[in-house]
Amino acid sequence: MPPKPRRKPPALSITVGVKKQDSSVDLMVAESFESGDMKVTPEGVSMDSREATFDGIPYEQLEVLHDIGRGASSVVKHARHVATGEQYAVKCISLWDKSKRDQLIREIQALYSSDCAALVQFYGATFREGMVAVTLEYMDLGGLDNVIKHFGPPPEKTLACMAFQVLWGLAYLKHEHRVHRDIKPQNILVNSLGEVKLTDFGISKDLQASIMCKTFVGSFKYMSPERMAHTGYDYSSDVWSLGIVLLECATGVYPYAESDAIIDYVNIVTEGDAPKPPEGKFTPEFSEFIGQCVHKDPAERLPAEVLLGSPWLLMHGAEDLDSAVAVVCDWIASKDVERASIERQLREAQAKEEAEAEEK
């Protein structure tokens, strides 16, 4: 059975918007951004097809602290709600870039009605001066890659409890007929409470049971063989990606030989054997679990909802979200010195990004 959804806290203001945005409208003077039944205004976001009402978080009530990350057409900022002190991640996306605009639409559609504790929570979106600001849950330790870089590979018990939470999210997405398509360490966020959550749904896709995806999108290093071969793929491609991520986290190194040439990755992933954990360093249950994730034949990979009950997770007590979160929280708490270091380095990196942005 897929995981039961969690009741979501108040997040955004629902209005009615049906007018389709004209592509010729000057975004700097437009009062809203509209696509299909979705409308983003300075007050909030609405979708005619979704029946729910939530309170919004006005942008003016947020104090921007610093940048978390920056891309060609977007920036993610760490912000604090002035009245309550609650912290958020605010993703600001320029609408001038069509590809970013399309990703924005998909991300809002994916998060709008999501109600799962293993997905980063969505608290609304606002439009202003050609930019949409999407307010999301703030995960203070950043991506899984950042956590492993500073804390080192976690013990199997902790890794199993991280995997359980990611699988919970994947099972929910499957229940909602959605393929993530970009599972990688940077899109698996962690916080000090031990919560592990999926984020970045900009290239996710709705998928009905009888249909397969064929679009070539996502981070190349974590793509499944069938995706690299440009053949159809489905939910099982996300399971492959998770298997590669877990193997990398367990060993501290990417499981394939690194290369600057994409063709090298294609050859080794599509023609070579599936990667395995080093012999003698991990439990047989872990090796079996990884094999069930990275089987070359997608039909032989176990789906997320089945993997949630795997012997490897059960032997480490990962039976529900609460127990899994508690184990990860204890591991993080044992890393007080490293945690102070990661927070300091994050601040330094953010200050550097801000200085470079000002110079430009």
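If you read the sequence shown in the UniProt record's numbering, its first letter stands for residue 1, the second for the next number, and so on.
Think of the CB as a built atom: it goes at the ideal place given N, C-alpha and C, for glycine as much as any other residue.
For this session: Report the residue ranges of all alpha helix (DSSP H) runs contained in full by the stretch 52-135; include only those spanning at least 4 residues, in chain order.
Result: 98-112
For this session: Output the distance between the C-alpha atoms of Ser113 and Glu279, rounded to the nearest integer angstrom.
Result: If you number the sequence shown from 1, residue 113 lands on position 113. If you number the sequence shown from 1, residue 279 lands on position 279. Each residue's Cα considered, the two are about 44 Å apart.
Exercise. What residue from Gly124, Cys116 and Asp115 has the CA that sits closest to Cys92's CA?
Worked result: Here residue 92 refers to the residue found at position 92 of the sequence shown. When each option's Cα is compared against that of Cys92, the closest is Gly124.
Exercise. Can you give the Cα-Cα distance for Phe282 and Glu156, rounded to whole angstroms?
Worked result: For the purposes of this step, residue 282 is taken as the residue at position 282 of the sequence shown. For the purposes of this step, residue 156 is taken as the residue at position 156 of the sequence shown. Their backbone Cα atoms lie some 8 Å apart in a straight line.
Exercise. Hey, quick one: how far does the alpha helix (DSSP H) through Leu189 stretch, first residue to last?
Worked result: Taking the sequence shown and counting its residues from 1, the one referred to as residue 189 is at position 189. Looking at the DSSP string, Leu189 is not in any alpha helix (DSSP H); the run it does join, the beta strand (DSSP E), is Ile188 to Val190.
Exercise. How many Å lie between Ala324 and Pro42 at the Cα?
Worked result: As a position in the sequence shown, residue 324 is number 324, starting the count at 1. As a position in the sequence shown, residue 42 is number 42, starting the count at 1. Between Ala324 and Pro42, the C-alpha separation is close to 39 Å.
Problem set entry | Rounded C-alpha distance that separates Leu313 from Arg70 | Residue numbering aside, residue 313 sits at position 313 when the sequence shown is read from its first letter. Residue numbering aside, residue 70 sits at position 70 when the sequence shown is read from its first letter. When rounded, the distance between both Cα atoms is 36 Å.
Exercise. Under a three-way DSSP split, which group does Val327 fall into?
Worked result: For the purposes of this step, residue 327 is taken as the residue at position 327 of the sequence shown. The answer is helix: DSSP assigns Val327 an H, G or I state.
Exercise. Residues in its own chain within less than 6 Å of Lys296 by CB, not counting five upstream and five downstream?
Worked result: Your numbering for residue 296 matches position 296 in the sequence shown. Once the five neighbours on either side are set aside, the close Cβ partners of Lys296 are Pro225 and Ala274.
Exercise. Taking the continuous beta strand (DSSP E) assigned at Val253, which residues delimit it?
Worked result: By one-based count along the sequence shown, residue 253 stands at place 253. Here Val253 belongs to no beta strand (DSSP E), and DSSP marks it neither H nor E.
For this session: Taking only the alpha-carbon atoms, compute the straight-line gap between Ile244 and Ile290 and give it to the nearest angstrom.
Result: Counted from its first residue, the sequence shown places residue 244 at position 244. Counted from its first residue, the sequence shown places residue 290 at position 290. Within the model, the alpha-carbon separation for Ile244 versus Ile290 is close to 8 Å.
Problem set entry | Which listed residue (Val82, Asp238 and Cys249) has its alpha carbon closest to that of His177 | Position 177 of the sequence shown holds residue 177. Of the listed residues, the one whose Cα sits closest to His177 is Asp238.
Exercise. With respect to the beta strand (DSSP E) encompassing Lys276, which residues constitute its N-terminal and C-terminal limits?
Worked result: Position 276 of the sequence shown, counting from 1, holds the residue named residue 276. Here Lys276 belongs to no beta strand (DSSP E), and DSSP marks it neither H nor E.
Problem set entry | Ser287: first and last residue of the uninterrupted alpha helix (DSSP H) it sits in | The residue given as residue 287 occupies position 287 in the sequence shown. From DSSP, the alpha helix (DSSP H) with Ser287 extends over Pro284 to Cys293.
For this session: Along the alpha helix (DSSP H) that carries Thr199, what are the first and last residues, could you check?
Result: Here residue 199 corresponds to residue number 199 of the sequence shown, with the count starting at 1. Taken as a continuous stretch (DSSP letters only), Thr199 belongs to no alpha helix (DSSP H), as it is neither H nor E.
Problem set entry | Trp331 classed as buried or exposed, judged by whether at least 16 other C-beta atoms fall within 10 angstroms | Counted from its first residue, the sequence shown places residue 331 at position 331. The residue is buried, with at least 16 neighbouring Cβ atoms inside 10 Å.
Exercise. Do you know how far the Cα of Lys39 is from the Cα of Phe33?
Worked result: As a working note, residue 33 is residue 33 in the sequence shown. As a working note, residue 39 is residue 39 in the sequence shown. Near 6 Å, if we compare the C-alpha coordinates of Lys39 and Phe33.
Problem set entry | Beta-carbon spacing of Ser236, Pro185 below 8 Å | Working through the sequence shown from its first residue, we reach residue 236 at position 236. Working through the sequence shown from its first residue, we reach residue 185 at position 185. Cβ atoms of Ser236 and Pro185: not closer than 8 Å.
Problem set entry | Meets three-Cβ-pair contact criterion under 8 Å: the stretch 195-202 and the stretch 162-169 | yes
For this session: Count the other CB atoms, across all protein chains shown, that sit within 10 Å of the CB of Asn267; report buried if there are 16 or more and exposed otherwise.
Result: Locating residue 267 in the sequence shown gives position 267, where the first residue counts as 1. It counts as exposed.
Exercise. Should Ala261 go down as buried or exposed, given a rule of 16 or more other Cβ atoms within 10 Å for buried?
Worked result: For the purposes of this step, residue 261 is taken as residue 261 along the sequence shown, with counting starting at 1. Exposed.
Exercise. What's the gap between the Cα of Ala110 and the Cα of Gln121?
Worked result: As a working mapping, residue 110 is identified with position 110 in the sequence shown. As a working mapping, residue 121 is identified with position 121 in the sequence shown. Rounded to whole angstroms, Ala110 to Gln121 spans 11 Å at the Cα level.
Problem set entry | CA-to-CA distance, Ser310 to His230, given in whole angstroms | Position 230 of the sequence shown, counted from the first residue, corresponds to residue 230. Position 310 of the sequence shown, counted from the first residue, corresponds to residue 310. Roughly 30 Å separates the two Cα atoms.
Exercise. Which same chain residues, not among the five before or five after Ala318, have their C-beta less than 7 Å away from its C-beta?
Worked result: Working through the sequence shown from its first residue, we reach residue 318 at position 318. Answer for Ala318: Ala160, Cys161, Phe164 and Ala324, listed in chain order.
Exercise. What is the residue span of the alpha helix (DSSP H) that Glu156 lies within?
Worked result: Sequence index remark: in the sequence shown, residue 156 carries index 156 (1-based). Glu156 to His175 is the span of the alpha helix (DSSP H), which, as asked, contains Glu156.
Problem set entry | Simplified DSSP assignment, three categories, for Gly309 | Taking the first residue of the sequence shown as 1, we reach residue 309 at position 309. In this structure, Gly309 counts as coil in the three-state DSSP scheme.
For this session: Please check the pair Ala171 and Leu308, which I expect to be a contact at CB under 8 Å, by giving their CB distance rounded to whole angstroms.
Result: Stepping through the sequence shown from its first residue, residue 171 is reached at position 171. Stepping through the sequence shown from its first residue, residue 308 is reached at position 308. The Cβ separation is near 6 Å, so the contact holds.
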